[in-house]
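Q:
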Amino acid sequence: SVFPVSSLEVRPGLQSTLDVISAARQGSVREALLGTGPNTFGAAWLAHKPVQVNQTPFWNLDFNVGYSTLATAFGTVGFLGAIAWLVPLILLGFALVRAVRLGVLSRDERLAAALLGVGSLFLFAAVVLYVPSQNILLLAFVLSGSAFGFLWRQGQAAREEGVSSVLRGIGVLAVAGGLLVLTVVPGFITARRLAAESYTGAGLSALASGDTDAALGLAARAQGVERTANALRLQVEAGTRKLAAIAQDTAMKPEDARAAFTAQVQSTIPAAQAAIAAAPTDYRAHFLLARVYDLLSLLKVEGAYQGAAAAYSAAAERNPTNPALPLAVARLEAAAGNAEGTQTAITRALQLKPDYTDAILFVVQINVANNDLASAIENTKIAVQTAPGVASIWFQLGLLHYSGGNAKDAIPALEQALTLAPEYANAKYFLGLAYYKEGRQNDALRLFEELVLSNPDNTEVKTIVTNLQAGKDPLDGLQPPTAPQDRQTAPVSQ
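Using the working numbering, the first residue of the sequence shown is number 282, and each one after it goes up by one.
(1) Please list the terminal residues of the continuous alpha helix (DSSP H) segment that includes Ala340.
(2) Does the structure place the segment 578-590 close enough to the segment 349-367 that three or more beta carbon pairs sit under 8 Å?
(3) Using a 10 Å radius around the Cβ and a threshold of 16 neighbouring Cβ atoms, would you call Arg572 buried or exposed?
(4) Mind checking whether Leu712 and Gly670 have CB atoms under 9 Å apart?
(5) Please report the straight-line C-alpha distance between Asn660 and Leu608, rounded to a whole angstrom.
(6) With respect to the alpha helix (DSSP H) encompassing Arg292, which residues constitute its N-terminal and C-terminal limits?
(7) At which residues does the alpha helix (DSSP H) containing Asn619 begin and terminate?
(8) Count the other CB atoms within 10 Å of the CB of Ile302; is the residue buried (16 or more) or exposed (fewer)?
(9) Taking the alpha carbon of Asn345 as the reference point, which residue from Ala324, Thr337, Glu696 has its own alpha carbon closest?
(10) Would DSSP call Lys811 helix, strand or coil?
(11) Using the C-alpha atoms, what's the distance from Gln307 back to Ala655?
(12) Do you know how far the Cα of Leu714 is from the Cα of Ala708?
(13) For the segment 308-366, list the alpha helix (DSSP H) runs that are entirely contained and at least 4 residues long, ordered along the chain.
(14) Apart from the five residues on each side of it in sequence, which residues of its chain come closer than 7 Å, Cβ to Cβ, to Ala407?
(15) Where does Leu424 sit, in a helix, a strand or coil, going by DSSP?
(16) In whole angstroms, give me the CA-to-CA distance for Gly752 and Tyr683.
(17) Pair every Cβ in the segment 530-542 with every Cβ in the segment 480-496, then say whether three or more of these pairs are closer than 8 Å.
(18) Closest to Pro429 by CA distance: which of Thr509, Asp738, Leu396, Thr317 is it?
(19) Tell me which same chain residues have a C-beta within less than 7 Å of the C-beta of Ala596, skipping the five on either side of it?
(20) Which term fits Arg599, buried or exposed, when burial requires 16 or more other beta carbons within 10 angstroms of its beta carbon?
(21) Quick one: residues in its chain with C-beta nearer than 8 Å to the C-beta of Lys662, no 5 flanking neighbours on either side, listed in chain order?
(22) Is it true that the CB of Gln516 sits closer than 9 Å to the CB of Thr549?
(23) Identify whether Arg721 lies in helix, strand or coil by the three-state DSSP scheme.
(24) Measure from the alpha carbon of Lys581 to the alpha carbon of each residue in Ala560, Ala616, Gln547, then state which is nearest.
(25) For Pro601 versus Ala328, is the C-beta distance shorter than 9 Å?
(26) Report yes if the C-beta distance between Gln554 and Lys523 is below 9 Å; otherwise report no.
(27) Pick helix, strand or coil for Pro601, following the three-state DSSP scheme.
(28) For a test of the three-state rule: what should DSSP assign to Val381, helix, strand or coil?
(29) Within 10 angstroms of its Cβ, does Lys689 collect 16 or more other Cβ (buried), or is it exposed?
(30) What would DSSP say about Ser776, mapped onto helix, strand or coil?
(31) For Gly622, collect the residues of the same chain with a Cβ closer than 7 Å to its Cβ; drop the 5 residues on either side in sequence, then sort them by chain order.
(32) Buried or exposed: Ser401, going by 16 or more other Cβ atoms within 10 Å of its Cβ?
(33) Taking just the CA atoms, how far does Glu507 sit from Ala519?
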């Protein structure tokens, strides 16, 4: 490439777009003519997405448009709406044919007509074959309108209007006033929406950085401008994280924690319900409501399990091919102690996406909980094949081998984890122990000496180094005596 510029754009193919449109219409002649409604392609895509998409890296993308602007319009505003999109191009064609037949264009006029016509055709080709920006769409209509006006007036004699200047002035003012209203009102609505979305975007950034209080504040400011579905979902997401933080905060007094938790629940659940009302076909609001109830069910709140199950079901109805939804249900059922429901849900998730790493790792957790180490190892091997660049999965595979007494097979997995994340402290810890078991004391000592530098306050690591230097077992005399792989907390910090 001459220019060092790369671009990646992902959108549904033409056949996939037409298949989704056909499925959304459900054989309705009315919807074939008038469409399913403006901005409904996103909901139609989620409801009828080909399951084969789950085998691609873009399985979790929610597309709001299809193959092209015209193809999307064919589904959302129907056949008549798609024809309306092409009316400027049709009028331009009529004007061009008329001008050619009359033969009234001079050489310069023919050049201007050719430039305007070719420019219009090019821009409308983008509408037919691509999803251009709003600026390009506006330019296409302006250019085609200019070309039509230029060509249609050719061959017409100038005529003086027999209308008084007063009436003409009134007419001009009326038209100008109408255009001003048509410009100011939509402009005000657009400016208000942009302001609300700006606050929402800032809130999402704050939430990504872990500042839930700032995110809640920005969600409130966004809703003060306009109560959009995005602002409501931000409030629910931030509120859910706030609830989790309160539940885990051991420094708060019990009565203060209870009051803060209750107040947060009383604001978060109504926000989720309002988000559902604002966009009833959007699965995300249902999913967020389910997560709130899911958290409450972990705290044994009465009715929370049923609320979570119902909300997950509603989300799945609107997005039936998303494997993340049955995985969430599997976790809900596992927390409730429902082994049959857990197995059914996790099986569904893996049917939708056999290489779904999160689902595979959840199966590993189930295997470990059932003391089925062999199955856990096999499932983790599958997980590292689906996500070979994730150091934590390699670490988990190595830890499972080590826990089963197989230090030899643990070493390659732990080494790979360190290759991907050289400062992975716990991978170094268990790799050092595995090296010792395989008679590689010098390699083990080197790793633990590195850990002393990165964890200077960890007395256990210092004791291991002393033991190795003295030729003793690295875990000799450690407190607590529990084996590192069996503890509830990691032996070293990251």
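Glycine residues also receive a C-beta, built at the ideal position from the N, C-alpha and C atoms.
A: Taking the geometry as given:
(1) Inspection of the sequence shows that residue 340 is occupied by Trp rather than by Ala. Neither: Trp340 is in no alpha helix (DSSP H) and is coded neither H nor E.
(2) no
(3) buried
(4) no
(5) 16 Å
(6) Element bounds for Arg292: n/a, residue is neither H nor E.
(7) Here Asn619 belongs to no alpha helix (DSSP H), and DSSP marks it neither H nor E.
(8) buried
(9) Ala324
(10) The first residue shown for the chain is 282 and the last is 775, placing residue 811 beyond what the model contains.
(11) 48 Å
(12) 10 Å
(13) 310-315, 322-329, 350-357, 359-366
(14) Pro413, Ile417
(15) helix
(16) 21 Å
(17) no
(18) Per the sequence shown, residue 429 should be read as Phe rather than Pro. The residue with the shortest Cα to Cα distance from Phe429 is Leu396.
(19) Tyr564, His567, Phe568, Ala571, Leu606
(20) buried
(21) Leu678
(22) yes
(23) coil
(24) Ala616
(25) yes
(26) no
(27) coil
(28) helix
(29) exposed
(30) Residue 776 lies beyond the residue range present for the chain, which begins at 282 and ends at 775; the question has no answer from this structure.
(31) Glu614
(32) buried
(33) 18 Å
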